[in-house]
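Engineer: Residue numbers (UniProt numbering): 1 to 154.
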């Protein structure tokens, strides 16, 4: 039964990074288990998308009905992040703004080496995993300590 809890956190963090810590606290896991499962989920998503990235791009181009816009607000933002911070910027923003899938697709579209993608995304996942997990696990206590009405008590 514990494996199902870990897999739930893993799958949630594969789709949206903050979903891992939220799922972990809801399932009653301690913060270390949640953190490790969240990092594993993001890295599983990164590995899957980076290996399937070229194939997914080819499939997407094949079924696309119109030619893609060269300069949309989304592509301009991606290029701006890439020019200013490179792979480190993409990895830093992946858990915050992008999803693990979106950040990896962006890195693959800029033709970044897989080993570089893995290393930067792992560092980002470890850092943001601790930040998000501890924030979510400590939020009820902080809210109640600083004037909350007790609605988040465990």
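We put the beta carbon where it would ideally sit given N, CA and C, even for glycine.
Hey, residue 37 and residue 55: beta-carbon distance below 8 Å or not?
Structural biologist: No.
Engineer: Whole angstroms are fine: how far does the CA of residue 40 sit from the CA of residue 94?
Structural biologist: Approximately 15 Å between the Cα atoms of the pair.
Engineer: Is it a yes or a no for the region 95-103 touching the region 12-29, going by three-plus beta-carbon pairs under 8 Å?
Structural biologist: Taking 8 Å as the limit for Cβ pairs, the verdict is that the region 12-29 does touch the region 95-103.
Engineer: If you draw a straight line from the alpha carbon of residue 91 to that of residue 70, how long is it in whole angstroms?
Structural biologist: About 23 Å.
Engineer: Hey, how far is the Cα of residue 111 from the Cα of residue 4?
Structural biologist: Using only the alpha carbons, I get a separation of about 35 Å.
Engineer: In the DSSP assignment, find the alpha helix (DSSP H) that holds residue 62 and state where it starts and stops.
Structural biologist: It spans 31-63 - the alpha helix (DSSP H) in which residue 62 sits, taken as one unbroken run.
Engineer: For residue 114, which residues in the same chain have their Cβ closer than 8 Å to its Cβ, ignoring the five residues on either side in sequence?
Structural biologist: Cβ neighbours of residue 114 beyond the five flanking positions: 50 and 51.
Engineer: Give the single residue among 105, 133 and 132 whose Cα lies nearest to the Cα of residue 46.
Structural biologist: Among 105, 133 and 132, the Cα nearest to that of residue 46 is on 105.
Engineer: Measure from the alpha carbon of residue 122 to the alpha carbon of each residue in 35, 85, 61 and 62, then state which is nearest.
Structural biologist: Closest option to residue 122, Cα to Cα, is 35.
Engineer: Where residue 73 and residue 2 are concerned, what is the direct C-alpha to C-alpha distance, given to the nearest angstrom?
Structural biologist: Roughly 43 Å separates the two Cα atoms.
Engineer: Verify the CB distance criterion: does residue 111 have a CB-CB separation below 8 Å to chain D?
Structural biologist: Note that chain D does not occur in the displayed structure, where there is just one protein chain.
Engineer: Measure the Cβ-Cβ separation of residue 44 and residue 14 and say whether it is below 8 Å.
Structural biologist: Going by C-beta atoms, residue 44 is nearer than 8 Å to residue 14.
Engineer: With a cut-off of 8 Å on the beta carbons, I'd call residue 101 and residue 22 a contact; round off their distance for me.
Structural biologist: So it is not a contact: roughly 18 Å between Cβ atoms.
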